[in-house]
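Visitor: Residue numbers (the numbering used here): 272 to 692.
One structure coming up, written as structure tokens, with questions to follow.
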Amino acid sequence: MGTALTTDLYELTMAQSYLEHEKTGNSVFSLFARTLPEERNFLVVCGLDTLVGQLKAFRFSSDDLAYLSGLDVFSDHFLSWLKSYRFNANLFAIPEGTIVFENEPLVQIEGSLPEVQILETLVLNSIQYQTLVASKAARIMSVNRGKPVVDFGFRRSHMAEAGIYAARAGYIAGFSGTSNLEAGKRFGIPVVGTMAHSYVMVFSCEEESFRSFASSFPDRTLFLLDTYDTRGCIEKVVRLVKEGVPLIGVRLDSGDIDKLAREIRQILDDAGLVTVKIFVSSGVDEYAIRRWLDAGVPLDSFGVGTKFITSSDAPFLDMVYKLVEYEGRPVYKTSPGKITFPYKRQVVRHYTNGLISYDEVIHMSEEVKCSGLVVEIMREGDCLEPLPSLDTIKKRMASEFRTLPQKFRSLEKVDYRVIVR
272 MGTALTTDLY ELTMAQSYLE HEKTGNSVFS LFARTLPEER NFLVVCGLDT
322 LVGQLKAFRF SSDDLAYLSG LDVFSDHFLS WLKSYRFNAN LFAIPEGTIV
372 FENEPLVQIE GSLPEVQILE TLVLNSIQYQ TLVASKAARI MSVNRGKPVV
422 DFGFRRSHMA EAGIYAARAG YIAGFSGTSN LEAGKRFGIP VVGTMAHSYV
472 MVFSCEEESF RSFASSFPDR TLFLLDTYDT RGCIEKVVRL VKEGVPLIGV
522 RLDSGDIDKL AREIRQILDD AGLVTVKIFV SSGVDEYAIR RWLDAGVPLD
572 SFGVGTKFIT SSDAPFLDMV YKLVEYEGRP VYKTSPGKIT FPYKRQVVRH
622 YTNGLISYDE VIHMSEEVKC SGLVVEIMRE GDCLEPLPSL DTIKKRMASE
672 FRTLPQKFRS LEKVDYRVIV R
């Protein structure tokens, strides 16, 4: 996104009116989830790196200004203000990879009212989706029992950028890799992938396709079994291995996974191929993984696609960006179901025996400014220090997850105590 027009019209109409009526005092806006979906017990903060980059680049180009002028909505004075716009505010945030709950401020932006008002859409776009899919990925990792999970969802994402950032979010949450080459290039995420059914179908028989692929990529021989007859195919694969064709693993992408995986494991073991892995990529999400592993299905790794990248069971978060303070006075809503809490806030987390017990969301006075989850990221438009690497964020997430009580890792809903003071 290379344009400041990644906002909604009413952000700019409000900003012009603020300027005309001298409402330019110091303001604080807060981004938080009002409630969590029924299918979520926690969220994983993600997207801050994207947001910081977008804030630094937020400019109204000459083309943008010409378009806005042509709407016959804005004054020349306001368009001149937009022309000189640079992000010069303060950014407070809970770091990426941190576990959070409802009504906790993931991002807080402090600055002149019109300057920070117009950022609403940008902030929501940067944080909401990435947090959504990172949280979905964390649920998947909560039931995988240490078995590798990789992202296969790129082709089903809602546009390319969503898929690229979903791969990053999944990696932060614990995925081992992605099929997404652009994500691999941008973020240094390990990339994975071998063949599709079309590869098998273009050859005269499955044996020829597997021999050909092994000739091209002898160290990447994960053969796809279910193009025609899965049971018959695994027998062919065993014969190929006896002929000297290398084999790392086999992939299942359809059918009764429980039944097929047991049959294939038995055939492989009977042939002495006990180290060959079974990888499944059909309809995989946290519910399927839990069901298979609880039933003892012999699966070694998982490829998650559509249900991960669309967060299909909870496809959005009730996340908002709200004014909470203006010129030092509290600002808040009292409308039913949409009550907000005033002031810039800090989150103080309490632990019992090394596990999260409860959170307090409190007014961020100078005394508590540095004593909680919220940290200052940018001051007057500049980063106070370099943002952490992706691997550092991934390690933070792993550490955070170890503090999460077992009941919150459950796929069933439980309540968490957040005290707002």
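Beta carbons: idealized from backbone N, C-alpha and C, even for Gly.
(1) Can you find at least 3 beta carbon pairs, one from the stretch 654–666 and one from the stretch 407–427, that sit closer than 8 Å?
(2) Does the beta-carbon distance from Leu322 to Val378 come in below 8 Å?
(3) Within the continuous beta strand (DSSP E) that includes Leu326, where are the two ends?
(4) Can you tell me whether DSSP reads Val632 as helix, strand or coil?
(5) Expressed to the nearest angstrom, what Euclidean distance is found between the alpha-carbon atoms of Thr565 and Ala559?
(6) May I ask you to verify whether the stretch 331–345 touches the stretch 377–392, counting CB pairs closer than 8 Å and requiring at least 3?
(7) Within the chosen definition, does the stretch 615–624 reach the stretch 466–486 through at least 3 CB pairs nearer than 8 Å?
(8) With a threshold of 7 Å, establish whether the CB of Val394 neighbours any heavy atom of the ligand ATP.
(9) Taking the alpha-carbon of Ser553 as reference, which of Val545, Asp541, Asp529 has the nearest alpha-carbon?
(10) Just to confirm my understanding: we take Phe423, look at its own chain, exclude 5 residues before and 5 after, and list those with CB closer than 7 Å. What are they?
(11) Compute the beta-carbon to beta-carbon distance between Asp524 and Leu495, rounded to the nearest angstrom, for a pair I have assumed lies under 8 Å.
(12) With C-beta atoms as the reference, is Val387 less than 8 Å away from Ala360?
(13) How would you write the range of the alpha helix (DSSP H) that Lys354 sits in, first residue to last?
(14) Here's the rule: buried if 16 or more other CB atoms are within 10 angstroms of the residue's CB, otherwise exposed. What is Phe587?
(15) Mark Lys456 as exposed unless 16 or more other C-beta atoms lie within 10 angstroms of its C-beta, in which case mark it buried.
(16) So, with DSSP's three-state summary, where would you put Asp279?
(17) Which parts of the stretch 416–458 are runs of the beta strand (DSSP E), unbroken and 3 residues or longer, counting only runs that do not cross its ends?
(18) Classify Phe303 as buried or exposed, calling it buried when 16 or more other Cβ atoms lie within 10 Å of its own Cβ.
(19) Tell me where the alpha helix (DSSP H) around Asn396 begins and ends.
(20) Could you tell me the distance, in whole angstroms, from the CA atom of Arg600 to the CA atom of Glu557?
(21) Just grab the DSSP bridge partners of Pro601 for me.
(22) Taking Lys684 as the reference, give the member of Pro308, Thr277, Ser636 with the closest Cα.
(23) Please give the ranges of any alpha helix (DSSP H) in the stretch 475–546, keeping only runs that are unbroken, at least 4 residues long and fully inside the region.
(24) Counting C-beta neighbours from all protein chains within 10 Å, is the total for Val473 16 or more, i.e. buried, or is it exposed?
(25) Mark Asn624 as exposed unless 16 or more other C-beta atoms lie within 10 angstroms of its C-beta, in which case mark it buried.
(26) Could you check where the beta strand (DSSP E) with Val618 kicks off and where it finishes?
(27) Can at least three beta-carbon pairs, one atom from the stretch 502–509 and one from the stretch 530–549, be found at a separation below 8 Å?
(28) Would you tell me roughly how many angstroms separate the C-alpha atoms of Ser301 and Arg688, rounded to the nearest one?
(29) On the DSSP letters alone, give me the boundaries of the alpha helix (DSSP H) that Val387 sits inside.
(30) Find out if the Cβ-Cβ distance for the pair Gly335, Ala405 is shorter than 8 Å.
(31) Between the C-alpha atoms of Val555 and Gly464, what's the straight-line distance to the nearest angstrom?
(32) Mind checking which residues open and close the beta strand (DSSP E) that includes Ser301?
(33) Alpha carbon to alpha carbon, how far is Val632 from Glu375? Give it in angstroms, no decimals.
(34) May I have the straight-line CA-CA distance separating Glu671 from Ile460, to the nearest angstrom?
(35) Can you give me the start and stop residues for the alpha helix (DSSP H) that Lys684 sits inside?
(36) In the structure shown, what three-state DSSP assignment does Ser583 receive?
Guide: In this structure, then:
(1) no
(2) yes
(3) It is not in any beta strand (DSSP E) - Leu326 instead sits in the alpha helix (DSSP H) that spans 319–328.
(4) strand
(5) For the sequence presented, residue 565 should be read as Asp rather than Thr. The straight-line gap from Cα to Cα measures roughly 10 Å.
(6) With the cut-off at 8 Å, the stretch 331–345 and the stretch 377–392 do not touch.
(7) no
(8) In the structure on display, the ligand ATP does not appear, and there are no ligands present to speak of.
(9) Asp529
(10) In chain order, Ser450, Ser552, Gly574, Val575, Gly576 place their CB closer than 7 Å to the CB of Phe423, counting only its own chain and leaving out the 5 sequence neighbours on each side.
(11) 7 Å
(12) yes
(13) 347–354
(14) exposed
(15) exposed
(16) coil
(17) The qualifying runs are 420–422.
(18) buried
(19) Boundaries of the alpha helix (DSSP H) harbouring Asn396: 391–413, taken from the DSSP string.
(20) 45 Å
(21) Per DSSP, the beta bridge partners of Pro601 are Glu596.
(22) Pro308
(23) 477–487, 501–513, 528–541
(24) exposed
(25) Answer is exposed; the Cβ neighbour count stays below 16.
(26) 616–623
(27) Verdict: yes, contact present.
(28) 20 Å
(29) In the DSSP annotation of this structure, the continuous segment of the alpha helix (DSSP H) that includes Val387 starts and ends at 384–388.
(30) Residue identity check: residue 335 is Asp in the sequence provided, not Gly. Going by C-beta atoms, Asp335 is not nearer than 8 Å to Ala405.
(31) Near 16 Å, if we compare the C-alpha coordinates of Gly464 and Val555.
(32) 297–304
(33) When rounded, the separation of the alpha-carbon atoms in Glu375 and Val632 is 7 Å.
(34) 21 Å
(35) From DSSP, Lys684 is part of no alpha helix (DSSP H); its letter is neither H nor E.
(36) DSSP places Ser583 outside both helix and strand once states are collapsed to three, so it counts as coil.
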